[in-house]
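In our numbering, the protein residues as written are 57 to 533. Glycine included, every Cβ here is placed at the ideal spot set by N, Cα and C. Following: one structure in C-alpha cells, then a few remarks.
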Ligand code: SAH
Ligand code: SF4
Ligand code: F3S
C-alpha cells in the first residue's frame, strides 16, 4: 500500500493523501528486559514499514529492544525513501536532528537504511559525517555484523542487491500495530521500468517469496487475533513462485486463494496492482471469496496515451479504460484507487485534461497524487527534459487533487443508505465514543461504540453520512 505525502505546499488540499505515515516512529508492543535499544523512523511506502519490522526482528535477536525516545537509543535508524526529491530532503533534515542527539550521547550509532541508502551508497558516508551505517533493502541480515564493526569505530556499508533475498524465514516483529491489521510482504523489487521511477534501482530485481511462508505468516497472525492482512509488493499481480520440490507454480490468484482459505474471518487485501498485470483470474478469485476485499489500487499515472508511452507504462488510455470496465462488470461494488503524476516531461495542457477525464471515468474512491520529480539515473532523466515549470506542475496537481476530492465525495455520497460489513479497528481518533473500521472497499467508517463489541469484531453498519474521506453510520442489529 502506498503511503506517501511530500507535496507540503499542497498539504491542505491533499486530504486524500493524508494517510501518509511519513516519519512514523515504530515501537514494539512490550518493552522490557533489553539492555540496548534502537529507535527507528520509517519513510516511504508500506514496503519500507514492513521492512522495518524485519529489521526489528533481526535486532531483537541481537538483544535490542525498541524505544520511542531517540535520546535513550544506542542505535538510531532511519528507513528511507528516494521516490521523490522531497522524500530525500526530509531524511537529510532528520539526520541533522540525530546529529544533536549523537553529540550529547557518545557511542550512539546512526544508520541509514532503505532506498536512499541503496541509491547513494558509500557517498552517504562522505556527505553525512554522522552516519555510521548504510544498509540497502536486501542487506538487513548483515546488520548485526555492521553494528559490531561500527561499535569498533569502523563505518559500514552493505548495499548488495540480491536476486533471492525475500526474508521468507524471518517473522517480522510487529511494530506500532493495532493488533487487527497487518502487512505481509509477498515479493520484493520490480522488473518494470517505468521511466520516472527509481524503485527498480533501489530495490533491485523482482522476486517472489515462498508461498507457504506467506500462508503460515497469515495463519500465525490470525491465531494472534489479527483479522486483516494486506499482501504487499510493488507489482503483486506478477507474483510467481515455483515450489522447488514439486515444481508446482503459484501465481497471484492462486496465492490469494491459499490465503483466503486460512479462515473466512481473515480479510485479504493487496497492493499494488500494475494495470498491465492484473488478470481476469484475479478478479474472479476476488469475486469468489467473500473475505477478499473488493478494492483495487490500480495506479494510472496519466490519462494520456502519449505520456503513458513516455512513462513506459506499457498500456494506453483505451486499454486502461477497458480494464476499469472489466473490473466493474465482474465486481460491481469494487472500489478502485489510483496514483497520478502531474507535469511529466513534455505534458501539454490538453494531455493533462486527459488525466482529469480518466479520473472521472474510473470513479476513483481515492488517489495518491504527485507532481513529477526527476530522479537521477532513471530513463526519463536520461532521455527527456524535465521541462514543465514547477508552478505549472503545482497548478495541474491542485486541479487533480480538487477533482479527486469531488469524485470521492460523490462516490461516498452514493453509499448513504447502504449497509456494509465493517471490521472494527479500534476507537476513532476524535472520540472514544466512536468506533472506526473499514468496509470491504477500504473506506473508513465511523459509528457509535456499542457495548460488548471490540476491535477485531465484524459489524453491519448502515451509512447515514459521507464526506470525501469517511463514511458515518450506525450499527444495525
Ligand atoms: N509500484 C507501484 C508504485 C510505486 S511508487 C506502482 O507501480 O504503482 C508510488 C507512486 O509514486 C507511483 O505510483 C507514482 O505515482 C509516484 N512516483 C514514482 N516516481 C515518481 C516521480 N519521479 N515523481 C513523482 N511521482 C512519482
Ligand atoms: Fe516504479 Fe513502475 Fe515498478 Fe511501480 S511498477 S515500482 S512505478 S517501476
Ligand atoms: Fe518505497 Fe520509496 Fe523505496 S516508495 S520502494 S521506500 S523509493
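| query | Measuring from the CB of residue 192, is there a heavy atom of the ligand F3S at a distance below 7 Å? | reply | Counting from one through the chain shown, the residue named residue 192 turns up at place 136. Not under cutoff, so the answer is no.
| message | Could you check if residue 170 belongs to the surroundings of the ligand F3S, using beta carbon to heavy atom distance under 7 Å? | response | Counting from one through the chain shown, the residue named residue 170 turns up at place 114. Within the cutoff, so yes.
| request: Any chance you could list the beta strand (DSSP E) runs of at least 3 consecutive residues sitting entirely within the stretch 206-258, in chain order? | output: Every beta strand (DSSP E) stretch that sits fully inside the stretch 206-258 and reaches 3 residues is listed by chain position as 212-214 and 237-241.
| query | Is residue 139 near the ligand F3S, going by C-beta to nearest heavy atom under 7 Å? | reply | To locate residue 139, count along the chain shown from 1; it is residue 83. At least one heavy atom of the ligand F3S sits closer than 7 Å to the Cβ of residue 139.
| Proximity test, residue 124 beta-carbon vs the ligand F3S heavy atom, cut-off 7 Å | If you number the chain shown from 1, residue 124 lands on position 68. For the ligand F3S, not one heavy atom lies less than 7 Å from the Cβ of residue 124.
| query | What is the rounded straight-line gap between the Cα of residue 464 and the Cα of residue 242? | reply | The residue given as residue 464 occupies position 408 in the chain shown. The residue given as residue 242 occupies position 186 in the chain shown. Spanning the two alpha carbons is a distance of roughly 30 Å.
| query | Just checking, does the stretch 158-172 make contact with the stretch 182-191 on the three C-beta pairs under 8 Å criterion? | reply | yes
| C-beta atoms of residue 321 and residue 334 nearer than 8 Å | Taking the chain shown and counting its residues from 1, one reaches residue 321 at position 265. Taking the chain shown and counting its residues from 1, one reaches residue 334 at position 278. Cβ distance not < 8 Å, so residue 321 and residue 334 don't count as in contact.
| query | Could you give the distance in angstroms between the alpha-carbon of residue 101 and the alpha-carbon of residue 289? | reply | Here the question's residue 101 lines up with position 45 in the chain shown. Here the question's residue 289 lines up with position 233 in the chain shown. About 10 Å.
| query | By how many angstroms is the C-alpha of residue 369 removed from the C-alpha of residue 224? | reply | Reading the chain shown from its first residue, position 168 is the one you call residue 224. Reading the chain shown from its first residue, position 313 is the one you call residue 369. Rounded to the nearest angstrom, the two C-alpha atoms are 29 Å apart.
| To the nearest angstrom, how far is it from the Cα of residue 85 to the Cα of residue 235? | Mapped onto the chain shown, residue 85 falls at position 29. Mapped onto the chain shown, residue 235 falls at position 179. At residue 85 the pLDDT is 47, less than 50, meaning the model places this residue with poor confidence; the figure from the coordinates comes in the next sentence. Rounded to the nearest angstrom, the two C-alpha atoms are 9 Å apart.
| Residues of its chain near residue 360, where Cβ-Cβ distance is below 7 Å and the 5 sequence neighbours each way are ignored | Counting from one through the chain shown, the residue named residue 360 turns up at place 304. Around residue 360: 373, 407, 410 and 411.
| Buried/exposed call for residue 268, threshold 16 Cβ in 10 Å | Taking the chain shown and counting its residues from 1, the one referred to as residue 268 is at position 212. Flag for residue 268 reads exposed.
| request: If I'm right that residue 259 touches residue 219 with Cβ under 8 Å, what's the distance once you round it to whole angstroms? | output: In the chain shown, the residue the question calls residue 259 occupies position 203. In the chain shown, the residue the question calls residue 219 occupies position 163. Going by Cβ atoms, the distance from residue 259 to residue 219 rounds to 12 Å, so no, they are not a contact pair.
| task | For chain C, find out if any of its Cβ atoms is closer than 8 Å to the Cβ of residue 122; answer yes or no. | result | This model lacks chain C altogether, as it is built from one protein chain only.
| 6 Å CB neighbourhood of residue 509 in its chain, flanking five on each side removed | As a working mapping, residue 509 is identified with position 453 in the chain shown. Around residue 509: no qualifying Cβ.
| field | Which residues DSSP lists as bridging residue 395, in chain order | value | Against the chain shown, residue 395 aligns to sequence position 339. Residue 395 pairs with 424.
| Cβ-heavy atom distance between residue 248 and the ligand F3S below 7 Å? | In the chain shown, the residue the question calls residue 248 occupies position 192. Incorrect: residue 248 has no Cβ contact closer than 7 Å to the ligand F3S.
| query | Enumerated in chain order, which unbroken segments of the beta strand (DSSP E) with a length of 3 residues or greater are wholly contained in the stretch 296-362? | reply | Look at the stretch 296-362 and you find these whole runs of beta strand (DSSP E), each 3 residues long or longer: 296-298, 305-307, 323-327 and 351-353.
| If you draw a straight line from the C-alpha of residue 440 to the C-alpha of residue 432, how long is it? | Mapped onto the chain shown, residue 440 falls at position 384. Mapped onto the chain shown, residue 432 falls at position 376. Using only the alpha carbons, I get a separation of about 12 Å.
| To the nearest angstrom, how far is it from the Cα of residue 470 to the Cα of residue 528? | Reading the chain shown from its first residue, position 414 is the one you call residue 470. Reading the chain shown from its first residue, position 472 is the one you call residue 528. Spanning the two alpha carbons is a distance of roughly 13 Å.
| query | What is the rounded straight-line gap between the Cα of residue 340 and the Cα of residue 291? | reply | Taking the first residue of the chain shown as 1, we reach residue 340 at position 284. Taking the first residue of the chain shown as 1, we reach residue 291 at position 235. The straight-line gap from Cα to Cα measures roughly 19 Å.
| said: Considering only heavy atoms of the ligand GDP, does any lie closer than 7 Å to the CB of residue 334? | reply: No copy of the ligand GDP appears in this structure; the ligands present are the ligand SAH, the ligand SF4 and the ligand F3S.
| message | Taking the beta carbon of residue 534 as the centre, do at least 16 other beta carbons fall within 10 Å, making it buried, or is it exposed? | response | Any question about residue 534 goes unanswered here, given that the chain covers just 57 to 533.
| request: Can you have a look at residue 495 and say buried or exposed, based on whether 16 or more other CB atoms are within 10 angstroms of its CB? | output: If you number the chain shown from 1, residue 495 lands on position 439. The residue is buried, with at least 16 neighbouring Cβ atoms inside 10 Å.
| How should residue 327 be labelled, buried or exposed, when 16 other C-beta atoms within 10 angstroms of its C-beta is the threshold for buried? | As a first step, residue 327 is located in the chain shown; it is residue number 271 there, counting from the start. The residue is buried, with at least 16 neighbouring Cβ atoms inside 10 Å.
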